[in-house]
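Colleague: Residue numbers (my numbering): 13 to 231.
Backbone N, C-alpha and C fix where the C-beta goes; we use that ideal spot for every residue, glycine too.
The model shown is predicted, which means the values in this text are computed figures rather than measured ones.
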Amino acid sequence: MPVLQHYFFRDGHMFKSTHTPIVTLFAASCLLAGPAIAHEAHVHGVANMDITVDAQQLTFQLHTPLANLIGFEHTPSTDRDRQAVRDMATRLRTPNAAFVTPAGAACTLSTVTLAADNMPADLLGEAPKKEVHQHGKKDDHDKHGHSHDHQHDHKHAQAHADLDATFIYTCGKVQQLHYIDVPLVTTFKGITRLETQIVTQERQMAVTLGANTTRIQLK
Ligand SMILES: [Zn+2]
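Given below as structure tokens:
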């Protein structure tokens, strides 16, 4: 469900979708979801990220054009494409590859969720999606998914696509979280500008990261 929310709301193309009532419903629920849902346009090179720090949890919600990570945005059609997606997922899921926190804060990566509307979930290291189109059987879903993608390709041959990634860390001593380093922006050179918004229990701030600015100073 959240995957569809992001897809419909963030991909301008989807407003041309034939599923108008569903789009409306999802758009409404996105608005209710609050500031975590960014509305920025899809611009290659630019990515957005919301960071939330609460009592014991550090959460990153990254939204980026897929082009920034793998250089293309079409549904993988070759082994090379598929491997590029797998490699991206592996890098994003590797602890300390995307984010580094001070040892004193005792943060450990507990959950990574990757979603992109035109990428098979298994390539992203996710369990296959179920009930996305409210079909009970996996076979039905696959068939439906295919025809949907097919239709989508015809209607929007140049469609762009984004990755939504959520990283959740559990921190033993969040008061020691003086900074967050974001090697993500150097690991993936396609990200030239990462607009971040940080909300902690004490304050709210916005920081723009890039190849030369990879640290968010919190204290
Ligand atoms: Zn694009």
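#1: Counting beta carbon pairs with one atom in the segment 113-124 and one in the segment 196-210, are three or more of them shorter than 8 angstroms?
#2: In the DSSP assignment, find the alpha helix (DSSP H) that holds M217 and state where it starts and stops.
#3: Report buried or exposed for K231, applying the criterion of at least 16 other Cβ atoms within 10 angstroms of its Cβ.
#4: With distances taken from CA atoms, which of G83, M100, I180 and V197 is nearest N224?
#5: Whose C-alpha, out of N108, A173, R227 and Q213, is nearest the C-alpha of F179?
#6: Kindly provide the chain-ordered list of residues whose Cβ lies closer than 6 angstroms to any non-hydrogen atom of ligand 2.
#7: What three-state label does DSSP hand M131 in the structure shown?
#8: If you count every other CB in all the chains shown that lies within 10 Å of the CB of L43, and 16 or more means buried, which is it?
#9: In chain order, what residues of the same chain have a beta carbon less than 8 angstroms from the beta carbon of A96, not counting five sequence neighbours either side?
Modeller: Checking against the coordinates, here is how it stands:
#1: At 8 angstroms Cβ cutoff, the stretches do not touch.
#2: Counting from one through the sequence shown, the residue named residue 217 turns up at place 205. Not the alpha helix (DSSP H): M217 falls in the beta strand (DSSP E), residues Q216 to L221.
#3: Residue mapping note: residue 231 aligns to position 219 of the sequence shown, counting from 1. Counting the other Cβ atoms within 10 Å of the Cβ of K231 gives fewer than 16, which makes it exposed.
#4: Start at 1 with the first residue of the sequence shown, and residue 224 comes out as number 212. Taking the Cα of N224 as reference, the smallest distance to any Cα among G83, M100, I180 and V197 is reached at V197.
#5: As a position in the sequence shown, residue 179 is number 167, starting the count at 1. When only C-alpha atoms are compared, the closest one is N108.
#6: As far as ligands go, the structure on display features ligand 1 and does not contain ligand 2.
#7: Against the sequence shown, residue 131 aligns to sequence position 119. Here M131 carries a coil assignment [DSSP, helix/strand/coil].
#8: What you label residue 43 is simply residue 31 of the sequence shown in a count that begins at 1. Unreliable placement is indicated for L43, whose pLDDT of 42 sits below 50; the coordinate value is still reported in the next sentence. Exposed, because fewer than 16 other Cβ atoms sit within 10 Å of the Cβ of L43.
#9: The residue you call residue 96 lines up with position 84 of the sequence shown. Beyond the five residues adjoining it in sequence on each side, A96 comes within less than 8 angstroms, by CB distance, of I82, G83, F84 and P88 in the same chain, given in chain order.
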